[in-house]
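Below is one structure, written out as structure tokens; comments come after it.
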Amino acid sequence: GRGLVLKCSHFQPAEVAETGDAPEGSQAKLKAQQRPFPCVVYCHGNAGSRVDALPLLPILLPAGISVFAFDFAGAGKSEGNFLSLGHFEKDDLATAVD
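For the sequence shown, our numbering gives the first residue as -9, with consecutive numbering after it.
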């Protein structure tokens, strides 16, 4: 990578927790899905950020698909001053996937 901190969010499908298995303080009694599930890596566009992935969550999570979204360097909450419109973003994507 380029030495910049990228801010990321990983949204995972949940399942109803068995009695006593729910996380402490949880009201919904949900826990992270334990079985393997596919993952969509969401790459935002120019002038976007990882929050652009939020409308996909109600579609993908119930289908058992997780969503990993990150802010490219220079966007959202990630470090950096500007987007390079593709030149460096390929490196950011490689770093995020690793």
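Built from N, CA and C at the ideal position, the CB exists for glycine as well. Model, not experiment: these values are computed from the prediction.
- Item | Supposed close pair Leu20, Ala4 - CB separation, criterion 8 Å | Translated into positions along the sequence shown, residue 20 becomes position 30. Translated into positions along the sequence shown, residue 4 becomes position 14. About 4 Å; that satisfies the 8 Å criterion.
- Message: Please return the same chain residues whose Cβ sits closer than 6 Å to the Cβ of Pro28, not counting the five positions on each side in sequence.
- Response: Here residue 28 corresponds to residue number 38 of the sequence shown, with the count starting at 1. Around Pro28: Ile55.
- Query: Starting from Val30 and walking both ways along the beta strand (DSSP E), at which residues does that stretch end?
  - Reply: Here the question's residue 30 lines up with position 40 in the sequence shown. Counting along the chain, the beta strand (DSSP E) containing Val30 begins and ends at Cys29 to Cys33.
- Message: Please tell me whether Ala63 and Asp82 are closer than 8 Å, where the distance is taken between their beta carbons.
- Response: Taking the first residue of the sequence shown as position 1, residue 63 is located at position 73. Taking the first residue of the sequence shown as position 1, residue 82 is located at position 92. Cβ atoms of Ala63 and Asp82: closer than 8 Å.
- Would you mind working out which of Gln2, His0 and Lys67 sits nearest Gly38, comparing C-alpha positions? Taking the first residue of the sequence shown as position 1, residue 38 is located at position 48. Ranking the options by Cα distance to Gly38, first place goes to Lys67.
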